[in-house]
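All you need for the working numbering is the position in the sequence shown, starting with 1, plus 2. Beta carbons are placed, not taken as given, at the ideal position from N, Cα and C, and that holds for glycine. Since the model is a prediction, treat every value here as computed from it, not as a measurement. A short write-up of the structure that comes next.
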Amino acid sequence: MNAAIPDLTRKVAVVTGATGGMGQVIAADLVHAGAHVITIARNPARADALRAHIGPQAANRLEVIPGDLSRRAGVIAAAKTIQNRHNQVHILINNAGAHFSEHRVSADGVEMHIALDYLAAYGLITLLDEPLRRGQARVVNVASDTLNDTRQTSSQANPVQQPSSWPASTTSQNSIPLPGSRHSRPTHAPSS
Ligand SMILES: NC(=O)c1ccc[n+]([C@@H]2O[C@H](COP(=O)([O-])OP(=O)(O)OC[C@H]3O[C@@H](n4cnc5c(N)ncnc54)[C@H](OP(=O)(O)O)[C@@H]3O)[C@@H](O)[C@H]2O)c1
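Given below as structure tokens:
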């Protein structure tokens, strides 16, 4: 139990990237503080290791949704599952990220740092808008300077260019509205 964390019984937290590094520590601390923690994991063995790390007494408060956050479909499917299961989300920690030494492009044709470190977080914030508002959520985005690397590879792929599979502005439930569309409202009030 981390004494700095208040009692989070009946609170719902979404923590991405909880199968490793910092996210594993955050998820375990939140579970041990009483929260129900949801994570999205692409590797079942790493999810099992997270469960073991949390321990049998608290592991029933860990919910693992299979998914790859570098893929648009993975973000949308995970958000739908969360929405269907939980009326409120009180904490969202967009922690999943990676630093690739070589240029990579996601399955959707997006530069990989943009896809995983930025668009996944943006997608979850946007698609979980209603449960986040109902939970008066605190949203934490873990950032890094990996976006500098995407600029260095801009001759191979322009990360700002919009792949044809991403709609510019839409109200469809199967898409993530992009910044500037009428659905992008950065208005989650931080709890005091
Ligand atoms: N470590 C640093 O020095 C540093 C510095 C600045 C910022 N950061 C940022 O801090 C955050 C955490 O860093 P860390 O070092 O703790 O990371 P880490 O140990 O490498 O763990 C990254 C987590 O993200 C998950 N992840 C990666 N790709 C994913 C995908 N496609 N779909 C779903 N989950 C995926 C990993 O899942 P798997 O278990 O499947 O791999 C893992 O749980 C990242 O956003 C990173 O950019 C880190």
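{"Asked": "Taking Gln85 and Leu130 to be in contact with their CB atoms under 8 angstroms, please state how far apart those CB atoms are, rounded to whole angstroms.", "Found": "7 angstroms"}
{"Asked": "Can you give me the start and stop residues for the alpha helix (DSSP H) that Pro46 sits inside?", "Found": "46-56"}
{"Asked": "Can you tell me where the beta strand (DSSP E) holding Ile42 begins and where it ends?", "Found": "38-43"}
{"Asked": "Less than 6 angstroms between C-beta atoms, sequence neighbours within five positions excluded: which residues of the same chain meet that for Ala1?", "Found": "Given that the chain is displayed from residue 3 to residue 194, the structure contains no residue 1 and the question cannot be resolved."}
{"Asked": "Which value, in whole angstroms, describes the spacing of the CA atoms of Ala75 and Asn45?", "Found": "17 angstroms"}
{"Asked": "So, at 6 angstroms on beta carbons, what are the nonlocal neighbours of Trp168 in its own chain, with the 5 sequence-adjacent residues on each side left out?", "Found": "Because Trp168 sits at a pLDDT of 44, beneath the cut-off of 50, its placement in the model cannot be relied upon, and the point is left open."}
{"Asked": "Less than 8 angstroms between the CB of Leu146 and some heavy atom of ligand 1, yes or no?", "Found": "Inspection of the sequence shows that residue 146 is occupied by Ser rather than by Leu. It does: the Cβ of Ser146 is within 8 angstroms (strictly closer) of some heavy atom of ligand 1."}
{"Asked": "What number of angstroms, rounded off, separates the C-alpha of Asn143 from the C-alpha of Met24?", "Found": "13 angstroms"}
{"Asked": "Determine which residues share a DSSP beta bridge with Ala2 and list them.", "Found": "Only positions 3 to 194 of the chain appear in this structure, which leaves residue 2 out of reach."}
{"Asked": "In whole angstroms, what separates the C-alpha of Gly125 from that of Asp119?", "Found": "11 angstroms"}
{"Asked": "Ligand 1 heavy atoms versus the CB of His101: any closer than 8 angstroms?", "Found": "yes"}
{"Asked": "Ligand 1 and Gln138: does the residue's C-beta get closer than 8 angstroms to at least one heavy atom of that ligand?", "Found": "no"}
{"Asked": "Could you check what DSSP says for Glu65 in three-state terms: helix, strand or coil?", "Found": "strand"}
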